[in-house]
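Numbering (our numbering), first residue to last: 22 to 449.
To start, the structure under review is shown below, and the notes come after it.
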Ligand SMILES: Cc1cc2nc3c(=O)[nH]c(=O)nc-3n(C[C@H](O)[C@H](O)[C@H](O)COP(=O)(O)OP(=O)(O)OC[C@H]3O[C@@H](n4cnc5c(N)ncnc54)[C@H](O)[C@@H]3O)c2cc1C
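Next comes the structure, spelled out in structure tokens:
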């Protein structure tokens with residue numbers, strides 16, 4: 022096995038948001054990059070799915086204003102004068118008729134404080150308890166590393182946990198509060214309310230997820246002389262001190278460096294082939310996973326929700342999004358059930374009943390369910406997340422599971438991609 026020349030030639034394995042961010046960063050630094058993606062569409066767990074000519078997503082996504090890396094990448098790739106494809110809304114959690122929290126545009130954390138004190142559906146005792154608890158999360162230096170979110174919130178009134186903290190935990194960490202990491206939950210609260218006032222904004226995609234970042238990133242990569250190989254699953258990885266060879270069903274190719282940007286559930290099969298990566302393969306093989314279900318329901322074109330998204334009470338869905346308002350797909354709603362283990366077969370019909378307690382959308386024309394069984398790793402206390410540098414000097418990792426302050430999110434994916442590309446560039 023030999024590298025053809027001393028010029029660096031890098032392969033990025035996995036065309037999710039982490040792999041696309043890594044490949045783009047390398048290509049922009051003048052490195053020759055080949056991006057391998059097993060699927061036919063870029064984007065991985067945040068990608069477009071076509072249904073009878075209608076562009077949906079494999080799962081409805083939402084971004085936070087604090088996702089600085091992701092937003093910067095999306096913004097950087099947008100054509101001049103075009104919008105960034107995101108709809109920015111000040112944080113509002115609305116679960117009619119019981120609860121409404123709206124954070125006004127004030128410097129953080131006053132926005133949270135004002136939101137809590139003005140919340141509809143909470144008594145003054147609850148509001149003050151919530152404000153005191155939130156302040157402690159923003160200021161407390163002691164790490165709750167070993168605690169679960171249920172333990173962190175155990176002294177909060179039941180109503181607050183039911184309406185606010187536990188739904189926020191499930192949607193941010195995709196992990197039930199009983200087993201979710203208090204440390205990561207606190208990090209998310211700090212990211213949203215400990216920085217600039219717009220960090221707590223909710224950003225709704227206005228176009229499909231592949232078009233939002235992975236497709237423009239790949240287009241730029243090709244413009245810069247790189248290459249994208251779709252439907253190209255890497256099956257073998259063979260590394261020596263000075264070269265790494267990848268094998269797909271079409272043959273094998275040698276690279277000076279490789280970034281493995283596959284999902285954690287796909288990492289052990291590749292990493293176990295390289296002795297230096299065996300420890301990381303073992304760590305990641307121990308992860309547990311949590312599902313997310315998205316149910317699309319088409320109602321009459323004239324139907325619209327009172328807001329672009331609503332929280333839903335009484336399970337199984339936590340949120341419903343109006344794709345008419347965000348994507349121009351009139352009458353189409355997306356119901357989301359996070360941490361959705363043990364969903365009943367009729368979960369989507371149950372979710373529609375949840376909505377009917379609030380509004381009457383009429384009869385459904387069609388329904389489509391997409392259940393991602395391993396949507397994200399379970400974000401549990403003390404879980405070990407590997408660094409982007411590995412024990413092999415020519416192999417790097419990228420992905421939402423690598424070490425960082427965020428749980429499994431688009432931001433953890435893009436941050437890791439950029440970080441691993443920069444670590445690689447430092448070595449050249
Ligand atoms: C339904 C759902 C809803 C979500 N909602 C949100 C949300 O609202 N907000 C948010 O921030 N995050 C959300 N997430 C999480 C977010 O989508 C992920 O954290 C992020 O997309 C992970 O990106 P990644 O690049 O690390 O991994 P992935 O997206 O998994 O990318 C890995 C890629 O590697 C490819 N691959 C695997 N093995 C190989 C191989 N051997 N050879 C070549 N290619 C390979 C895969 O096909 C995949 O495309 C959600 C996830 C799901 C599933």
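Positions of the beta carbon are idealized from the N, C-alpha and C atoms, including for glycine.
Closer than 6 Å: is that where the CB of residue 60 sits relative to any heavy atom of ligand 1?
Here the question's residue 60 lines up with position 39 in the chain shown. Within the cutoff, so yes.
Does the beta-carbon of residue 437 have 16 or more other beta-carbons within 10 angstroms, so that it is buried, or is it exposed?
Indexing the chain shown from 1 puts residue 437 at position 416. Buried, because 16 or more other Cβ atoms sit within 10 Å of the Cβ of residue 437.
Does DSSP put residue 410 in a helix, a strand or coil?
Sequence index remark: in the chain shown, residue 410 carries index 389 (1-based). Here residue 410 sits in strand by DSSP.
Give the secondary structure of residue 54 by DSSP, where H, G and I count as helix, E and B as strand, and everything else as coil.
Residue 54 sits at position 33 when you count from the first residue of the chain shown. Strand.
May I ask you to check if the CB of residue 360 is nearer than 6 Å to at least one heavy atom of ligand 1?
As a first step, residue 360 is located in the chain shown; it is residue number 339 there, counting from the start. For ligand 1, not one heavy atom lies less than 6 Å from the Cβ of residue 360.
Below 8 Å, how does it come out for the stretch 283 to 302 and the stretch 367 to 387: are there three or more Cβ pairs, yes or no?
Contact fails: fewer than three Cβ-Cβ distances are below 8 Å.
Who are the Cβ neighbours of residue 339 in its own chain at under 7 Å, not counting the five residues just before and after it?
For the purposes of this step, residue 339 is identified with residue 318 of the chain shown, where counting begins at 1. These residues qualify, in order along the chain: 188, 191, 192, 332, 333, 357, 358, 359.
Spatial neighbours of residue 346 within its chain, please: C-beta separation below 6 Å, excluding the five flanking residues on both sides.
Within the chain shown, numbered from 1, the residue matching residue 346 stands at position 325. Correct list, in chain order: 329.
According to DSSP, simplified to helix, strand and coil, what is residue 392?
Translated into the one-based positions of the chain shown, residue 392 becomes position 371. Here residue 392 sits in strand by DSSP.
Leaving out five residues before and five after residue 176 in sequence, what residues of the same chain have Cβ atoms less than 7 Å from its Cβ?
The sequence position of residue 176 within the chain shown is 155, counting from 1. Contacts found: none.
For the stretch 78 to 87 against the stretch 245 to 261, do three or more pairs of beta-carbon atoms, one drawn from each stretch, fall closer than 8 Å, so that the two count as touching?
Touching, no.
At a cut-off of 6 Å, is residue 74 close to ligand 1 when judged by its beta-carbon and the heavy atoms of the ligand?
Sequence index remark: in the chain shown, residue 74 carries index 53 (1-based). Result no, Cβ not under 6 Å from ligand 1.
Under 6 Å from any heavy atom of ligand 1, does the C-beta of residue 36 make it?
Locating residue 36 in the chain shown gives position 15, counting from the first residue. It does: the Cβ of residue 36 is within 6 Å (strictly closer) of some heavy atom of ligand 1.
Buried or exposed, going by whether 16 or more other CB atoms sit within 10 Å of the CB of residue 447?
Locating residue 447 in the chain shown gives position 426, counting from the first residue. Residue 447 comes out exposed.
Answer with buried or exposed for residue 167, where buried requires no fewer than 16 other C-beta atoms within 10 angstroms of its C-beta.
In the chain shown, residue 167 corresponds to position 146, counting from 1. Under this definition residue 167 is an exposed residue.
I'd like to know whether the C-beta atoms of residue 80 and residue 416 end up nearer to each other than 7 Å.
Here residue 80 refers to the residue found at position 59 of the chain shown. Here residue 416 refers to the residue found at position 395 of the chain shown. In this structure, residue 416 does not lie closer than 7 Å to residue 80 by Cβ.
Using a Cβ-Cβ cutoff of less than 6 Å, which residues in the same chain neighbour residue 151 once the five nearest sequence positions on both sides are dropped?
For the purposes of this step, residue 151 is identified with residue 130 of the chain shown, where counting begins at 1. Result list for residue 151: 137, 181, in chain order.
Under a three-way DSSP split, which group does residue 104 fall into?
For the purposes of this step, residue 104 is identified with residue 83 of the chain shown, where counting begins at 1. In the structure shown, residue 104 sits in coil (DSSP, three-state: anything other than H, G, I, E or B).
Is the Cβ-Cβ distance between residue 46 and residue 442 less than 7 Å?
On the chain shown, position 25 is the one that residue 46 refers to. On the chain shown, position 421 is the one that residue 442 refers to. Going by C-beta atoms, residue 46 is nearer than 7 Å to residue 442.
Which residues in the same chain as residue 179 place their Cβ atom closer than 7 Å to its Cβ, once the five residues preceding and following it in sequence are excluded?
Looking up residue 179 in the chain shown gives position 158. Excluding sequence neighbours, residue 179 sits near nothing in its chain.
Please check the pair residue 278 and residue 129, which I expect to be a contact at CB under 8 Å, by giving their CB distance rounded to whole angstroms.
By 1-based counting over the chain shown, the position of residue 278 is 257. By 1-based counting over the chain shown, the position of residue 129 is 108. With 8 Å as the limit, residue 278 and residue 129 do not qualify as a contact, their Cβ atoms being about 40 Å apart.
Need the endpoints of the alpha helix (DSSP H) that residue 300 sits in, please.
Residue 300 sits at position 279 when you count from the first residue of the chain shown. Note, residue 300: alpha helix (DSSP H), 299 to 306.
Which of the three DSSP states, helix, strand or coil, is assigned to residue 314?
For the purposes of this step, residue 314 is taken as the residue at position 293 of the chain shown. Here residue 314 sits in strand by DSSP.
Looking at residue 124 and residue 112, is the spacing between their C-beta atoms short of 7 Å?
Taking the chain shown and counting its residues from 1, the one referred to as residue 112 is at position 91. Taking the chain shown and counting its residues from 1, the one referred to as residue 124 is at position 103. Yes; because the gap between Cβ atoms is below 7 Å, this pair is in contact.
Does the stretch 304 to 321 come close enough to the stretch 53 to 64 to have 3 or more Cβ pairs within less than 8 Å?
At 8 Å Cβ cutoff, the stretches do not touch.
Please report the straight-line C-alpha distance between residue 24 and residue 245, rounded to a whole angstrom.
Here residue 24 refers to the residue found at position 3 when the chain shown is read from its first residue. Here residue 245 refers to the residue found at position 224 when the chain shown is read from its first residue. Only weak support exists for where residue 24 lies, its pLDDT of 41 falling under 50; the coordinates are left without a value.
Less than 8 Å between the CB atoms is what I'm expecting for residue 119 and residue 184, so what's the real figure, rounded?
By 1-based counting over the chain shown, the position of residue 119 is 98. By 1-based counting over the chain shown, the position of residue 184 is 163. Contact flag correct, Cβ pair sits at about 7 Å.
Is DSSP giving residue 66 helix, strand or coil here?
By one-based count along the chain shown, residue 66 stands at place 45. If DSSP states are grouped into helix, strand and coil, residue 66 belongs with coil.
Under DSSP, the beta strand (DSSP E) around residue 226 begins and ends at which residues?
Residue 226 sits at position 205 when you count from the first residue of the chain shown. Unbroken beta strand (DSSP E) run through residue 226: 223 to 226.
Is any heavy atom in ligand 1 found nearer than 6 Å to the beta carbon of residue 393?
In the chain shown, residue 393 corresponds to position 372, counting from 1. For ligand 1, at least one heavy atom lies less than 6 Å from the Cβ of residue 393.
Going by DSSP, what residue range makes up the alpha helix (DSSP H) through residue 2?
What the structure shows of the chain is the stretch from 22 to 449, and residue 2 is not part of that stretch, so it cannot be assessed.
Does the stretch 26 to 38 come within contact of the stretch 196 to 210, defined as at least 3 CB pairs closer than 8 Å?
With the cut-off at 8 Å, the stretch 26 to 38 and the stretch 196 to 210 do not touch.
Using CA coordinates, which residue listed in 377, 171, 389, 199 is at the minimum distance from residue 456?
The structure shown does not extend to residue 456, since the chain is modelled only from 22 to 449, so the question has no answer here.
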